[in-house]
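J.: Here it is, the structure in full.
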Amino acid sequence: MAEAGKLDRVIVIKGPEESERLEVTGEDLMERVVSLAKRRGIIFQSSEIYGGLRSSWDYGHYGVLFKNNVKSQWWHSMVTVRDDIVGLDAAIIMSPKVWEASGHLESFTDPLVDCRECKQRFRADQIKDLSRCPSCGARGSLTEARQFNLMFKTYLGPVEDEASVAYLRPETAQGIFVDYELVMETTRKKPPFGIAQIGKAFRNEITPGNFTYRTREFEQMELEYFVKPEEASQWFDYWVEERLRWYKSLGIAEQHLRTRPHEQDELSHYSVATTDIEYLFPWGWGELEGIANRTDFDLKQHSKHSGRDLRYFDQERGEKYFLWVIEPSAGADRATLAFMIDAYREEKVRGERRVVLGLDKRLAPVKVAVLPLSKNPDLAPSAKEIAARLRPHMSTEYDETGSIGRRYRRQDEIGTPYCVTFDFDSLNDRAVTIRYRDSMAQERVPIEMLKARLEALLAGSDNGSELEEL
Ligand code: ATP
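Each residue of the sequence shown is one higher than the one before, counting from 1 in the numbering used here.
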């Protein structure tokens, strides 16, 4: 975790003149991103009409499309294009015995300290100097650290007693371990193979914050990759590289990513090696994903506690043994936030400021916006018809409200890579203009070729930089 308040991230607001370049601090950048997220209904405070709930955020229309794209890109790279990984969607509420076996009941804790003066609570491992309160500055006011279990507890059924206690899962991984044998058999997989899952996880975090970076309810994208013990360290290295490549391939700048191996005393109770992939958030470096070598810890524990032999029978060797597990565990919300921050740009165009979310096309919530030049009754119906024809093939939006310039800006702000404009000439030449988000270049295309042209653009790397800006 990065130090709170550390501002080592700068964005440059681009202008045509050198004098128009403006550097903003990380704090300022974060404010701009949060404000954009709210302004465009991407992500905003949950329960806002009741004053909001700290650390709970809702994804509006563009937000849910955006986060779904992040998740489907993960699924595509992990499951769809691979023969060695299959999917799972396990229940959130599992047998409480799972959490006893996994060690979460005993060890899934954070050290909690209270300030006797200002009554605030902190995670002791996030405070550099425990002799003074990081909030009010009082000396010697912090209590001794006590271990606080992060799992949310609830009761199944109407009676609230010890026998009905259950937990909301704090990670999706355990669903994979307890189902591993059945999934392996029904999909006829042999090691090395993996099981991937995306789903909600819940942690009663002591200090949620930094927008969607740390919340109490979040989504994880986890892979458990089962390997022969002697191959574990090689697969660990492979997954660190592979996951780093994924973030880069979807547009995160290389200099904003780094890997950080954990120190021995930082490792979770199940891990012999962990490397985090970190992103340079506006407040400093923070974890996006952890890749852990979980050894045979989980399968062994579940064998012991359930009485079921979860060892793998290796036919070639004629022996049974526990497989080891390499786990790349990512957060869908953190990844979405990082993609959004990294894509945020401001530019000066003809004296006006434009905000652009330069998202990779695959992540953009809307792929194409169809805009009639004006609300003129000769233009709108044809533009609507074009939008309707594109809609089944790509995420399409129709917009006729406001000036054309304002509508372009609105699409730039949500990262729409292409706008299609239907103007008066279109009535005669049956052609429309495609306007590129990044270069603002424009291209005239016959309506009958539009779908094919957009599909080619969305599949390729053409950003219109070769075209004339009209
Ligand atoms: P941190 O050190 O930031 O608390 P962690 O090491 O406990 O994270 P893991 O248990 O490795 O996190 O979880 C895997 C991933 O799940 C993280 O890399 C992160 O992307 C995501 N994640 C974990 N906790 C949260 C949270 N409270 N809010 C949002 N995402 C989270």
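C-beta: ideal position from N, C-alpha, C; glycine also. Remember, predicted model here, so these are calculated numbers, not experimental data.
1. Below 8 Å on the Cβ atoms is my guess for residue 173 versus residue 251; work out the distance and round it to an integer in Å.
2. Span of the beta strand (DSSP E) holding residue 422?
3. Is residue 380 near the ligand ATP, with its Cβ less than 7 Å from a heavy atom?
4. Hey, how far is the Cα of residue 74 from the Cα of residue 307?
5. Between the region 199 to 210 and the region 120 to 139, can you find at least three pairs of beta-carbon atoms closer than 8 Å?
6. Would you call the region 315 to 326 and the region 226 to 234 in contact, with 3 or more CB pairs under 8 Å?
7. Curious, which full-length beta strand (DSSP E) runs of at least 3 residues does the region 139 to 196 contain?
8. Can you say whether residue 269 is buried or exposed, counting buried as having 16 or more other CB atoms within 10 angstroms of its CB?
9. Please report the distance separating the alpha-carbon of residue 530 from that of residue 197.
10. Is residue 56 helix, strand or coil by DSSP?
11. Any chance you could list the beta strand (DSSP E) runs of at least 3 consecutive residues sitting entirely within the region 379 to 467, in chain order?
12. Which term fits residue 428, buried or exposed, when burial requires 16 or more other beta carbons within 10 angstroms of its beta carbon?
13. Along the chain, where does the beta strand (DSSP E) containing residue 371 start, and where does it finish?
14. Kindly indicate which residue of 171, 52, 142, 42 has the alpha-carbon position closest to the one of residue 104.
15. Looking at C-alpha atoms only, which residue of 389, 332, 37, 264 is the closest neighbour of residue 287?
16. Rounded to whole angstroms, what's the CA-CA distance from residue 265 to residue 258? Just pull it up for me.
17. For the beta strand (DSSP E) containing residue 257, name the first residue and the last one.
18. How would you write the range of the alpha helix (DSSP H) that residue 45 sits in, first residue to last?
19. The beta strand (DSSP E) spanning residue 221 covers which residue range?
20. Does the region 73 to 91 come close enough to the region 341 to 357 that 3 or more CB-CB pairs lie under 8 Å?
21. I need the straight-line Cα distance from residue 294 to residue 273, nearest angstrom please.
22. Quick one: grab the DSSP three-state call for residue 275.
23. Find out if the Cβ-Cβ distance for the pair residue 367, residue 328 is shorter than 8 Å.
24. In the DSSP assignment, the alpha helix (DSSP H) including residue 347 goes from what residue to what residue?
25. Report yes if the C-beta distance between residue 69 and residue 381 is below 8 Å; otherwise report no.
26. Quick check on residue 239: does DSSP put it in helix, strand or coil?
27. Taking 7 Å as the cut-off, is the C-beta of residue 126 nearer than that to any heavy atom in the ligand ATP?
T.: Let me lay it out:
1. Here residue 173 is taken as the residue at index 173 of the sequence shown, counted from 1. Here residue 251 is taken as the residue at index 251 of the sequence shown, counted from 1. So it is not a contact: roughly 28 Å between Cβ atoms.
2. Numbered from its first residue, the sequence shown carries residue 422 at position 422. Residue 422 -> beta strand (DSSP E) spans 418 to 422.
3. Numbered from its first residue, the sequence shown carries residue 380 at position 380. Because no heavy atom of the ligand ATP lies under 7 Å away, the Cβ of residue 380 does not count as near it: no.
4. Position 74 of the sequence shown holds residue 74. Position 307 of the sequence shown holds residue 307. Distance between the alpha carbons of residue 74 and residue 307: 34 Å.
5. yes
6. yes
7. 146 to 149, 153 to 155, 165 to 167
8. As a working mapping, residue 269 is identified with position 269 in the sequence shown. Result: exposed.
9. Given that the chain is displayed from residue 1 to residue 470, the structure contains no residue 530 and the question cannot be resolved.
10. For the purposes of this step, residue 56 is taken as residue 56 along the sequence shown, with counting starting at 1. Here residue 56 sits in coil by DSSP.
11. 396 to 398, 418 to 422, 431 to 436, 442 to 446
12. One-based indexing of the sequence shown puts residue 428 at position 428. Exposed is the call here.
13. By one-based count along the sequence shown, residue 371 stands at place 371. Per DSSP, residue 371 belongs to the beta strand (DSSP E) from 368 to 372.
14. On the sequence shown, position 104 is the one that residue 104 refers to. Selected option, being the one with the closest Cα: 171.
15. Position 287 of the sequence shown, counted from the start, is the residue given in the question as residue 287. For the residues 389, 332, 37, 264, the minimum Cα distance to residue 287 belongs to 332.
16. Numbered from 1 along the sequence shown, position 265 holds the residue referred to as residue 265. Numbered from 1 along the sequence shown, position 258 holds the residue referred to as residue 258. Going by the C-alpha atoms only, they are around 21 Å apart.
17. Within the sequence shown, the letter at position 257 stands for residue 257. Residues 257 to 261.
18. As a working note, residue 45 is residue 45 in the sequence shown. Per DSSP, residue 45 belongs to no alpha helix (DSSP H); it is in the beta strand (DSSP E), 43 to 45.
19. Translated into the one-based positions of the sequence shown, residue 221 becomes position 221. Looking at the DSSP string, the run of the beta strand (DSSP E) that includes residue 221 is 217 to 227.
20. no
21. On the sequence shown, residue 294 is found 294 positions in, with the first residue counted as 1. On the sequence shown, residue 273 is found 273 positions in, with the first residue counted as 1. For residue 294 and residue 273, the distance between alpha carbons rounds to 8 Å.
22. On the sequence shown, residue 275 is found 275 positions in, with the first residue counted as 1. If DSSP states are grouped into helix, strand and coil, residue 275 belongs with the strands.
23. Position 367 of the sequence shown, counted from the start, is the residue given in the question as residue 367. Position 328 of the sequence shown, counted from the start, is the residue given in the question as residue 328. Result no, Cβ atoms of residue 367 and residue 328 do not sit closer than 8 Å.
24. As a first step, residue 347 is located in the sequence shown; it is residue number 347 there, counting from the start. Not the alpha helix (DSSP H): residue 347 falls in the beta strand (DSSP E), residues 344 to 349.
25. In the sequence shown, counting from the first residue as 1, residue 69 sits at position 69. In the sequence shown, counting from the first residue as 1, residue 381 sits at position 381. No, the Cβ-Cβ distance between residue 69 and residue 381 is not below 8 Å.
26. In the sequence shown, counting from the first residue as 1, residue 239 sits at position 239. Note: residue 239 maps to helix in three-state DSSP.
27. As a working note, residue 126 is residue 126 in the sequence shown. Incorrect: residue 126 has no Cβ contact closer than 7 Å to the ligand ATP.
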